[in-house]
Amino acid sequence: MSKSIAILGASGYTGAELVRLISTHPDMTLTALSAERKAGLAMGDVFPHLRHLDLPKLVKIDEIDFSDVDLCFCALPHKTSQDVIAKLPESLKIVDLSADFRLRDAAAYEAWYGNPHTALAQQQEAVYGLTEFYREQIKTARLVAGTGCNAATGQYALRPLIEAGAIDLDEIIIDLKTGVSGAGRALKENLLHAEASEGAAPYAVGGTHRHLGEFDQEFSAIAGREVKVQFTPHLLPMNRGIVATIYVKGDPQIVHDTLSTAYEDEPFLEMLPFGSVPSTHHTRGSNFAHLGVTADRIDGRAIIVCALDNLTKGSSGQALQNANLMLGLEETAGLMLAPLFP
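Residue numbers (this note's numbering): 1258 to 1599.
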């Protein structure tokens, strides 16, 4: 029997990506879509690329009857998301795509996001949604917190290495490039075509990016000691995609072998041959992440490159992967579509 699915915040990029993925899912049916400013419109009017689908009209959240909904995706901004989720039925399974439930420490959340957490009970029950590392907890979770797209990219490259003790924990640099869709659909002056195209710009320089909270939390938990990485993201004039170049101190062949062993049975994580590196072109529109390792010219140092699509594996695809587990469905259902190229 097909599972009934609701998406809150369906008029944003991650909401539209969820609709795209679920539209061909063999075991899910979209029964409710919400949007505040665009309530009353057809989804095809908001996103013409989806006009061929038979979808429910966009409505306000308080118009949705959740009694027959099996799982709800919450694709709302942080702060809004926690307020909404606290009021949803306690029996409802939820995958949240915002930042509101990623950090387990309420003080850390307030420090990184600038406002106190108002849904502490839900925060404590939330399971971190990096599927490959929290799979068993996700299967029995009621609330799963999707990771940040940048945070997911860095963690795929580094978690197995930290756990294996394969790299120097005090010598980690993450240099990451991301497309403009990662900033959401709201109008922002610096994302206008005339200001973003034909250039590249670092931002959140000096350790102010909020996804550092996830790196601190997850890497320190694995290592059993404080781990702080250097991380600088850059905005590139492309619609979607992330590529991270990560510099570590450790034997390059051991780094490659450790990652290859960790991911040999993972359906969405592709390790390239030693010396090869991926491109955002190779993962665009898909739930795959590609990883490559090469040696640096300095002995004892390795360079790891990880590429993924921020809207799919970094957000909506990851969310669907988690939802499949929560509903007892095949983990890869609706997600094995090949990347778009060129």
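The C-beta atom is built at its ideal place from N, Cα and C for all residues, glycine as well.
What does DSSP give as the partner residues of residue i in its beta bridges?
i	result
residue 1287	1262
residue 1551	1560
residue 1315	1290
residue 1459	1491
residue 1589	Residue 1589 pairs with nothing; no bridge assigned.
residue 1331	1265 and 1353
residue 1527	1547
residue 1502	1432 and 1562
residue 1484	Answer by DSSP bridge pairing: none, since residue 1484 is not bridged.
residue 1384	1401
When you compare each of the options to residue i by their alpha carbons, which one comes out closest?
i	options	result
residue 1572	1406, 1502 and 1359	1406
residue 1464	1517, 1432 and 1563	1432
residue 1210	1370, 1366, 1387 and 1493	Because the chain in this structure spans residues 1258 to 1599, residue 1210 falls outside the shown range and cannot be described.
residue 1345	1564, 1581, 1453 and 1400	1400
residue 1321	1305, 1296, 1311 and 1522	1296
residue 1340	1284, 1374, 1323 and 1393	1374
residue 1569	1587, 1549 and 1537	1537
residue 1439	1355, 1472 and 1385	1355
residue 1305	1324, 1273, 1286 and 1289	1273
residue 1501	1352, 1524 and 1535	1535
residue 1267	1548, 1562 and 1442	1442
residue 1533	1484, 1271, 1550 and 1545	1550
residue 1490	1561, 1301, 1408 and 1446	1408
residue 1499	1525, 1562 and 1509	1562
residue 1528	1547, 1511 and 1307	1547
residue 1280	1428, 1293 and 1313	1313
residue 1360	1493, 1468, 1425 and 1291	1468
residue 1372	1338, 1592, 1591 and 1482	1338
residue 1495	1424, 1436 and 1483	1436
Need the endpoints of the beta strand (DSSP E) that residue i sits in, please.
i	result
residue 1489	1487 to 1492
residue 1432	1429 to 1435
residue 1321	Premise fails: residue 1321 is in no beta strand (DSSP E) and is neither H nor E.
residue 1424	Here residue 1424 belongs to no beta strand (DSSP E), and DSSP marks it neither H nor E.
Taking the beta carbon of residue i as the centre, do at least 16 other beta carbons fall within 10 Å, making it buried, or is it exposed?
i	result
residue 1348	exposed
residue 1541	buried
residue 1555	exposed
residue 1455	exposed
residue 1575	buried
residue 1417	buried
residue 1598	exposed
residue 1460	exposed
residue 1317	exposed
residue 1458	exposed
residue 1543	buried
residue 1259	exposed
residue 1462	exposed
residue 1308	exposed
residue 1434	buried
First and last residue of the alpha helix (DSSP H) that includes residue i?
i	result
residue 1303	1300 to 1303
residue 1389	1388 to 1396
residue 1342	1337 to 1342
residue 1449	Premise fails: residue 1449 is in no alpha helix (DSSP H) and is neither H nor E.
residue 1512	1509 to 1520
residue 1469	1469 to 1480
residue 1402	Careful: residue 1402 lies outside any alpha helix (DSSP H), inside the beta strand (DSSP E) at 1400 to 1402.
residue 1276	1270 to 1279
residue 1574	1574 to 1583
residue 1365	1363 to 1370
Which value, in whole angstroms, describes the spacing of the CA atoms of residue i and residue j?
i	j	result
residue 1328	residue 1558	45 Å
residue 1586	residue 1284	8 Å
residue 1517	residue 1466	29 Å
residue 1398	residue 1392	10 Å
residue 1419	residue 1358	24 Å
residue 1519	residue 1363	31 Å
residue 1394	residue 1579	10 Å
residue 1310	residue 1473	42 Å
residue 1422	residue 1324	48 Å
residue 1331	residue 1265	5 Å
residue 1486	residue 1430	6 Å
residue 1506	residue 1471	22 Å
residue 1600	residue 1451	Past the edges of the chain, shown from 1258 to 1599, lies residue 1600, and the structure says nothing about it.
residue 1287	residue 1410	29 Å
residue 1448	residue 1564	22 Å
residue 1479	residue 1275	31 Å
residue 1269	residue 1403	16 Å
Verify the contact flag: residue i, CB atom, against every heavy atom of the ligand GTP, threshold strictly below 8 Å.
i	result
residue 1478	In terms of ligand content, the structure shown is empty, and the ligand GTP therefore cannot be addressed.
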